[in-house]
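In the working numbering, each residue carries its 1-based index in the sequence shown increased by 262.
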Amino acid sequence: MANPTNLVGRAPWANVSDAEWNDWKWQIANRLRTVEDLKQAIALTTDEEAGVRKSLEHFRMAITPYYASQIELGNPRCPIRMQAIPVGAEAVHSPDDLEDPLAEDEDAPVPGLTHRYPDRALFLVTQICSMYCRHCTRRRLVGEKDAHITRDQFAAAYDYIRAHSEIRDVIVSGGDPLVMSDRELEEILSTLRAIPHVEIIRVHTRTPVVLPMRITEDLCRMMRNYHPVYVNTHFNHPREMTAEARRACSLLADHGMPLGNQSVLLRWVNDCPHVMKSLVHELMKARVRPYYIYQCDLSRGISHFRTPVSRGIEIIEALRGHTTGMAVPTFVVDAPGGGGKIPVMPNYVVSQAPGQIVLRNFEGTITRYRENPDVGSGCGLHDACRDPRYAPKEGPVAMMQPDGPMTIGPVPERKKRKHE
Ligand SMILES: *Cc1c(COP(=O)(O)O)cnc(C)c1O
263 MANPTNLVGR APWANVSDAE WNDWKWQIAN RLRTVEDLKQ AIALTTDEEA GVRKSLEHFR
323 MAITPYYASQ IELGNPRCPI RMQAIPVGAE AVHSPDDLED PLAEDEDAPV PGLTHRYPDR
383 ALFLVTQICS MYCRHCTRRR LVGEKDAHIT RDQFAAAYDY IRAHSEIRDV IVSGGDPLVM
443 SDRELEEILS TLRAIPHVEI IRVHTRTPVV LPMRITEDLC RMMRNYHPVY VNTHFNHPRE
503 MTAEARRACS LLADHGMPLG NQSVLLRWVN DCPHVMKSLV HELMKARVRP YYIYQCDLSR
563 GISHFRTPVS RGIEIIEALR GHTTGMAVPT FVVDAPGGGG KIPVMPNYVV SQAPGQIVLR
623 NFEGTITRYR ENPDVGSGCG LHDACRDPRY APKEGPVAMM QPDGPMTIGP VPERKKRKHE
């Protein structure tokens, strides 16, 4: 896929020195935030201008000059443009739209901290981003206030994590935590690192994509003091992997931070096996492991970005086996209502009988595999395998215990009627 050559580039900022351009604080201070800012940099059609004004009544806009410089001139379907510049469709609210599609607020024991999964928690430390993605899942919060969470909210979140020794993994997200100063970020990392049961810390940020100059030597040297620190970023299109973005990823990796990527499946941006294959290869070259592809959430005003779920399956089908497994992310639907991430993939099990299974590979070749007939569920070797205190209490794993429940899930109406 050839890269376009007619980008906006630095022309609208021709008088800006390299030193300013490469200074992340200059980039933040000079973000495009109004229709007038936008028109100075990029020609808008009258239609687009009306759309921008209308959607800005609902959601905020901010685009770093760096990210805007990557927009392709005259192409309304430019993937960078579509992620950054609002369109009239954002004012269209579909009946399926939800304010908080993942019920993150409901699962928050203290504001800003969502504890949904047994061993990890999501910590939203700020509502600010350097660039407001048009497809943001958290648009109910993000950009609403120009603020980080308050001192009291930080204190309550730390108390909760300290009191819950099952939390061994904390995801620092937002907003974008890397809009904070090195000092503010260090306070978060050092406080979390001082909690003995917090084994790993993850920082979730789009900064390498939209503000790569924020990834400085100083920042990386600070972060590496709190290892293991993982960084997950958010590239959606191979064109976002510029020389600047590659440098940012490289610096993080050189300081020992394992990098992952979470993409969102977006109509006309990346809902294409060819674009996704090119993206995962660009990521691998930059030492970033593709981690998740998300089905687009049901957040308000983003229905124009949604694709059928089958598009994600089609993409995985085109990746698995056709390129290294290290480059194949897990496609997930984050269940509306707070059910969490549900992986969805092509079917590889063709058939099954006791003692044997028939599978197909990526080429369509079908294979039989004969199983060892004497092996039951679980390994049974360890105390934890035999002691019912350690037995999982929920889901199919619980059902497969010797005295596990035969059915789980809701009681159908017809059964309820019988007992009346
Ligand atoms: C996605 C998510 C996590 C992290 O999930 P992983 O599969 O461990 O990356 C944790 N908490 C919430 C609420 C999430 O949405």
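Yeah, the Cβ is synthetic: ideal placement off N, Cα and C, and Gly gets one too.
Original post:
To which residues of the same chain is A653 closer than 6 Å at the C-beta, ignoring the five residues directly before and after it?
Top reply: Q663
Original post:
Do Y422 and ligand 1 come close, with the Cβ less than 8 Å from some heavy atom?
Top reply: no
Original post:
Got a sec? Which residues, its chain only, sit under 6 Å from D369 by beta carbon, not counting five neighbours each side?
Top reply: T376, R378, G600
**OP:** Any chance you could list the beta strand (DSSP E) runs of at least 3 consecutive residues sitting entirely within the region 365-445, in chain order?
**Re:** 375-379, 382-386, 431-435
**OP:** Measuring alpha carbon to alpha carbon, tell me which of V493, L621, E675 ends up nearest R630.
**Re:** L621
Original post:
Buried or exposed: where does Q618 fall if 16 or more other Cβ atoms within 10 Å of its Cβ makes it buried?
Top reply: exposed
Subject >> Span of the beta strand (DSSP E) around S613 >> reply: 611-615
Original post:
Cβ of G602 within 8 Å of any heavy atom in ligand 1?
Top reply: yes
Original post:
For I433, is the beta carbon positioned less than 8 Å from some heavy atom of ligand 1?
Top reply: yes
Original post:
When we look at the beta-carbon of S317 and count the other beta-carbons within 10 Å, is it buried (16 or more) or exposed?
Top reply: buried
Original post:
What number of angstroms, rounded off, separates the C-alpha of E625 from the C-alpha of H536?
Top reply: 18 Å
Subject >> Neighbourhood of D362 by C-beta distance below 6 Å, restricted to the same chain and skipping five residues each side >> reply: R402
Original post:
Hey, would you say V606 sits closer than 9 Å to V594, going by beta carbons?
Top reply: yes
**OP:** Note down, one range per segment and in chain order, each alpha helix (DSSP H) of at least 4 residues found wholly within the region 474-510.
**Re:** 479-485
**OP:** Tell me where the alpha helix (DSSP H) around D645 begins and ends.
**Re:** 645-648
Original post:
alpha helix (DSSP H) containing G336: first to last residue?
Top reply: Unbroken run through G336: none, as it is neither H nor E.
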